[in-house]
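The block underneath contains the structure these notes are about, expressed in structure tokens.
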Amino acid sequence: MMKKKSISASKASLVLFLCQMISALDVPLDSKLLEELLQPPTITQQSPKDYIVDPRENIVIQCEAKGKPPPSFSWTRNGTHFDIDKDAQVTMKPNSGTLVINIMNGGKAEAYEGVYQCTARNERGAAISNNIVIRPSRSPLWTKEKLEPNHVREGDSLVLHCRPPVGLPPPIIFWMDNAFQRLPQSERVSQGLNGDLYFSNVQPEDTREDYICYARFNHTQTIQQKQPISVKVFSMDSLNDTIAANLSDTDIYGAKPVTERQPILLTPTGSTSTKVELRGNVLLLECIAAGLPTPVIRWIKEGGELPVNRTFFENFKKTLKIIDVSEADSGNYKCIARNMLGSVHHVISVTVKAAPYWITAPRNLVLSPGEDGTLICRANGNPKPNISWFANGVPIAIAPEDPSRKVDGDTIIFSHVQERSSAVYQCNASNEYGYLLANAFVNVLAEPPRVLTPANKLYQVIADSPALLDCAYFGSPKPEIEWFKGVKGSILRGNEYVFHDNGTLEIPVAQKDSTGTYTCVARNELGKVQNEVRLEVKDPTMIIKQPEYKVIQRYGQVSFECIIRHDSTLLPTVIWLKDNDELPDDERFLVGKDNLTIMNVTDKDDGTYTCIVNTTLDSVSASAVLTVVAAPPTPAIIYARPNPPFDLELTGQLERSVELSWIPGDENNSPIRNFVIEYEDGLHEPGVWHYQTEVPGTQTTVQLKLSPYVNYSFRVIAVNEIGRSQPSEPSEQYLTKSANPDENPSNVQGIGSEPDNLVITWESLKGFQSNGPGLQYKVSWRQKDVDDEWTSVIVANVSKYIVSGTPTFVPYEIKVQALNDLGYAPEPSEVIGHSGEDLPMVAPGNVQVHVINSTLAKVHWDPVPLKTVRGHLQGYKVYYWKVQSLSRRSRRHVEKKILTFRGNKTFGMLPGLEPYSSYKLNVRVVNGKGEGPASPDKVFKTPEGVPSSPSFLKITNPTLDSLTLEWGSPTHPNGVLTSYILKFQPINNTHELGPLVEIRIPANESSLILKNLNYSTRYKFYFNAQTSVGSGSQITEEAVTIMDEGKEDWKKEIVNGSRSFFVLKGLTPGTAYKVRVGAEGLSGFRSSEDVFETGPAMASRQIDIATQGWFIGLMCAVALLILILLIVCFIRRNKGGKYPVKEKEDAHADPEIQPMKEDDGTFGEYSDAEDHKPLKKGSRTPSDRTVKKEDSDDSLVDYGEGVNGQFNEDGSFIGQYSGKKEKEPAEGNESSEAPSPVNAMNSFV
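Position in the sequence shown (from 1) plus 1242 gives the number in our numbering.
In structure tokens:
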């Protein structure tokens, strides 16, 4: 036993390895590749095993196959070779194995009955089809028989036998009368499974002469009819009258009255019976009883319950139907027939057998020379099937030997295969109830790698979005795939890339620096091939100036901006929408490059305007609301809403129409644009007004369409640019006649609220839609895809009806028809609904987890069969939770997280996982009722990641040349810590950083003393932890060593003992100081120390003298004195007098004009003689009293501080003066100064 177990285990591991290899060597569906690769034949299409054909038409036996080279075809019939060339009626389609037997030109279908099998063969092997049994359908006539009339006493039971002819396939039986109307059936009268018509007790109304059994042969589309059967039922009263007429008065006569009887079974007979059914089929059990009153049938399963959701009762509960039976449905089923007089029962022993069904069907193998593989063929059944193997259609025992092949029961093991090992193998699993046949080829290929993705393919993505670069490949053995960036770049690795099994490289978050050329290399032992693709990462499109909310007056103009920024290589298109629809086709709307302008705005332009920018890679949008308000009224014209219309009149009254006319009211300076007509239904909704229609403002009559059974009143509202008028007075009332409903309820739905019901709802008709009194609804339903009659009920004027006793989540056809006292509405349309949902039955299987990186995993599962969902599939929920951290081995409170994946997805991503942790998850299917059972918990672990920053970093105990560092381990180590990294560097007084020193510290340390540091120096520290994956985020801190007391004298200040602070002055900026505070008392002298650093020097604030009040006052006084002096000077000059300066100049012998002296401030003056010597500095204005532009007065900026000079409000100069600045003499002639207030002031300074 131990040896056998070990062999099984090794087989299991071998199978697992080969499954991985097989999936790796799946041949891609590349047309060029498929044309080049050799492949054994594969049967792609064939006729069914049991093929019943129409004897009136040609017989087509299908056999299609594919392979490389294309296969040839041959057939066997009844186990021997079928030579189609010798039969003129048989042809084979070109490039196909399909046979066409010509029956319509003289052939007989019966001559071609038999068992056919197709073989498709090429140089790599041969595949065979199933055994196809050809039988022509038969629809024989009823045998002639003489049927005696049935005379039955009222209350007795009766069976009318059908006994249809044996056809192929068996016919469908039903009973009708001479008028081709189905005979009504009930709990008392019903048709059995064998086609007979059973009467539990006959009644006088059962008397008729046209009980006719019909047999419908669907395959030949014919119906056969049995001779009519006559039934005469005698009542007790008529029987007694007959007896009395034939007997004398002295005879004793009289038939017994109808007596009640306890039930007896008409079928099946006896107390027990047996039934054998095959797995997956429908089990039908029947019990029909006689009795008076009519018995009621009930079904139970002895020792168990009837299967939920698979059990149905038919034929008034006389038939028990269980669908999709399995071995678990075997057992004893009891039917009980009961009426008030007693009961009878029958036990049916059911045995469920099973034709073979697959557990593991063999799958094609694509192998490389020298590789190993297995073909597995596992099937089950009852009884257990026998497994037999064939090679290229020949039993493997007599097939050519292959040293690489070994048969072990249901498994063929291949070792070190060679190209000659290619073949097609057949597995046959059979028992007494059927067989399974499967073809699976072993294709041994030796192919060098090929890359199927086009070379230099360009991929374009938007930054921060995923990029998928394809590298579809094939080779045998399966090639290994590597990716490089650039021609000579290093191999790509790391968490920033995801490598898919199909060769695709995924960059989850592409950045601008991801742009470039990527090289995919595929290699196996037969060679190497590479392919380059290009990736371009584009800037995202952005709206940098979005449209803004606007309020605009009517008839104004408004503009919305939409300025965008986009990648220069992408061509954007801008679309404007109004209220999520296209802009109106109106020339007032002008779309510019980056704006939308609306001219002559009206009230209809109110709404939301959206700017949408599209490129080939992305799309963005922005919206703004426009509110239109009335323009301010012009005083001369008063605009107002119109006055209401008046004098409403109804004319031309008909059943479905009437003409309404009116007189408009005053339009109040704004033309009436349209009239709105409203109506009131005084019969159904008195006091409620409804919109009827509207007409242009130039129209004062309208033809109105009416509905039946409505008491109409009308009113009219006028509308202009300002608004709506008050409603007019109502018109006279007009009551229309009743009629059938014109329409049926809308929004018909069928949704179950419980697993066994169907809730049918609809929107009821409005009062005026009823068209007459007595509104009701006819609700009809029947199960979809089942040959059932409609079931109907008539309900009052409600909007819901509940159908009970339905199977779970079954489609129904539903229709709801309105009716009133005058009749029905038109035939309604059908809608599809579903009965109630129930919780899903099974959990998803084959849950697999693929850990992508330390924080992300991908989970896969197999979808559950739809029939087990028992409702609308809404999706799957993945529950996952952290069990423990692998680094701390400590458990904590389990907080389950849930991710929902909508639809029939079979995979999902689990983000936000914690690195180096153990997780569990399970998957559940979800329908409208809720969640199904959970799959078994799946355990997976995340790899190590980089740690978080240390929890703290403290620097204590500063000395002249050392600091003590203490730290806490990371809150989230995310793996096993390998070390700590400490980096530090000094900072000088100007905040410049010095050289960086790095120290690696063992992971088990929590403190460190740094020595040999500089005294009175600030240091900056960077500290982080490391795992084997890499370094985590760092924490920073700063600290200062203390000052050298030997090189700095202590300064001492005495402070009042009542104070708690003291301000230190005269400190040097950017310098570290040590402060010691001591106190002396009765207990002695105590002190404490601390180190601090002063901040950098700040520029001192300068006071602007020009803004001082005293200076402004002084300048005003000086300006006033200068003004007085100038007035005096001008007065004296106009009188012809000389200045005192002139007298001084006359005393000098030098005839040239003396220049003005800067030191004494005197003026030079021209002589009276007319000379033309060059003017010198200080000379007066020339005699013509003109001054050249370039020789104008000095700029006022030349005085005082320049920028501080100002003019007062009266034009006076109030700048700050420091004397006139020296100016260089001009070339040619020196600048002359006209008598100005500035020069005059300069002479007094």
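Glycine residues also receive a C-beta, built at the ideal position from the N, C-alpha and C atoms.
None of these values were measured; they are calculated from a predicted model.
Rounded to a whole number of angstroms, what is the C-alpha to C-alpha distance between residue i and residue j?
i       : j       : result
Asn1624 : Glu1569 : 9 Å
Val1475 : Val1500 : 12 Å
Leu2255 : Ile2197 : 14 Å
Ile1723 : Ala1764 : 5 Å
Ile1840 : Cys1804 : 14 Å
Leu2195 : Gln2276 : 10 Å
Thr1746 : Glu1778 : 17 Å
Val1332 : Ile1343 : 5 Å
Asp1847 : Ile2074 : 43 Å
Val1771 : Val1740 : 21 Å
Phe2353 : Pro2200 : 56 Å
Trp2004 : Ile1993 : 11 Å
Tyr1760 : Trp1725 : 7 Å
Pro2212 : Ser2191 : 5 Å
Ala1421 : His1461 : 25 Å
Leu1439 : His1588 : 20 Å
Ser1314 : Ala1639 : 25 Å
Taking residue i and residue j to be in contact with their CB atoms under 8 Å, please state how far apart those CB atoms are, rounded to whole angstroms.
i       : j       : result
Val1649 : Ser1664 : In fact, because the Cβ distance is near 17 Å, the residues do not count as touching under 8 Å.
Asn1581 : Pro1537 : 5 Å
Ser1381 : Gly1409 : 5 Å
Lys2183 : Ser2160 : 5 Å
Could you have a look at residue i and say whether DSSP puts it in helix, strand or coil?
i       : result
Lys1846 : helix
Gly1717 : strand
Pro2192 : strand
Phe2303 : coil
Asp1828 : coil
Val2084 : coil
Gln1463 : coil
Lys2119 : strand
Gln1262 : At Gln1262, the pLDDT of 32 sits below 50, so the modelled position is not reliable and the matter cannot be decided from this model.
Tyr1354 : helix
Leu1534 : strand
Cys1804 : coil
Val1918 : strand
Ser2504 : Here the chain comprises residues numbered 1243 to 2487, so residue 2504 is not present and cannot be evaluated.
What does the Cβ neighbour count give for residue i, buried or exposed, with the cut at 16 atoms within 10 Å?
i       : result
Thr2269 : buried
Ser2012 : buried
Arg1662 : exposed
Asn1842 : exposed
Glu2490 : Given a span of 1243 to 2487 for the chain in the structure shown, any question on residue 2490 remains unanswerable.
Tyr1715 : buried
Asp1743 : exposed
Phe2010 : buried
Is residue i near residue j, with beta carbons less than 8 Å apart?
i       : j       : result
Pro1782 : Ile1654 : no
Leu2064 : Lys2020 : no
Pro1814 : Asn1856 : yes
Val1567 : Arg1620 : no
Ser2273 : Ile2223 : yes
Leu2007 : Thr1978 : no
Ala1688 : Ser1718 : yes
Leu1389 : Gln1466 : no
Ile1530 : Ser1428 : no
Val2239 : Arg2260 : no
Gly1924 : Asn1885 : no
Tyr1951 : Gln1934 : no
Of all Cβ atoms in chain D, is any one closer than 8 Å to the Cβ of residue i?
i       : result
Pro2192 : This model lacks chain D altogether, as it is built from one protein chain only.
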